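Using the working numbering, read the sequence shown as starting at 5 and increasing by one per residue. Beta carbons are placed, not taken as given, at the ideal position from N, Cα and C, and that holds for glycine. These numbers were taken from a predicted model, which means no experiment stands behind them. Accompanying notes for the structure given below.
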Amino acid sequence: MSVDILDVGSGNIQSIKNWIEKANVSANVVNDARSIQSNLLILPGVGSVGSYMHRIKQGSFDQAILEHVDKGGRLLGICLGFQIMSTYSEEDGGVEGLSIIDGHVERLQNKASHNSWEPIYLRRNELNGQSFFRQLNLSKKRILDGRVFYNHEYGFVNNEEKSFSIPVSDSLPRYTGFLVKDKVIGLQFHPEKSQVTGLDLISMIL
5 MSVDILDVGS GNIQSIKNWI EKANVSANVV NDARSIQSNL LILPGVGSVG
55 SYMHRIKQGS FDQAILEHVD KGGRLLGICL GFQIMSTYSE EDGGVEGLSI
105 IDGHVERLQN KASHNSWEPI YLRRNELNGQ SFFRQLNLSK KRILDGRVFY
155 NHEYGFVNNE EKSFSIPVSD SLPRYTGFLV KDKVIGLQFH PEKSQVTGLD
205 LISMIL
């Protein structure tokens, strides 16, 4: 099995690649929409949504991503890569997303930015209703109990009733930190910067 990582010039692609390869899975960096071939496509992203979506559309990645999902492929969005799965984002005056998940992105209420570690607790059996998990038996862990690293100014407000989600934190319960809907998963935190917990998570996903 291999994983495709989308590279549109936004985000530390090498860190994502290293994170995947630490789980002993090969990772391909994709910068051409026609080169998406793996069952799992990762959308990393940092920066502003306006320039990111411009690059996505400029390279015809928007249609390629939607076709990947329509064909049954799995999709993992990280930080901004998760936020563009929404219907729209308030950032940059309002930007339409890919509408893969019913939800929107807004500036964090009463907070300029959220840059900190937060605890995460997840039981794998809670995800049995979602088809994303999993193809490889890389980990027998049934519980993810650790901490993950956040760095964002905007948050994802999830309206998807049939999804599984965990809030960012007790102080930011309105915003989603972890979401799974069928074969789509979104992470507001940075798993590649989350040390042991990040590696445990990718092992449970794959």
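Beta-carbon proximity check, residue i vs residue j, cutoff 8 Å
{"i": "L102", "j": "D66", "result": "yes"}
{"i": "G190", "j": "F168", "result": "no"}
{"i": "V172", "j": "Y154", "result": "yes"}
Reduced DSSP secondary structure (H/G/I, E/B, other) of residue i
{"i": "V152", "result": "strand"}
{"i": "P48", "result": "coil"}
{"i": "A37", "result": "helix"}
{"i": "L140", "result": "Low per-residue confidence applies at L140: pLDDT is 44, beneath 50, and the placement is therefore not dependable, though the value from the model is reported in the following sentence. Three-state result, L140: coil."}
{"i": "E122", "result": "strand"}
{"i": "N202", "result": "The amino acid occupying residue 202 in the given sequence is Gly; Asn does not appear at that position. Helix at G202."}
{"i": "V53", "result": "helix"}
{"i": "L131", "result": "helix"}
Inter-residue spacing [alpha-carbon to alpha-carbon] between residue i and residue j
{"i": "I105", "j": "V99", "result": "15 Å"}
{"i": "D186", "j": "G77", "result": "10 Å"}
{"i": "R59", "j": "E196", "result": "23 Å"}
{"i": "V29", "j": "S120", "result": "28 Å"}
{"i": "G107", "j": "K166", "result": "12 Å"}
{"i": "R178", "j": "F193", "result": "15 Å"}
Integer Cβ distance of residue i from residue j, believed to fall under 8 Å
{"i": "V53", "j": "E95", "result": "5 Å"}
Inset, instruction - For the region 56-100, list the alpha helix (DSSP H) runs that are entirely contained and at least 4 residues long, ordered along the chain. - result: 65-74 and 84-87
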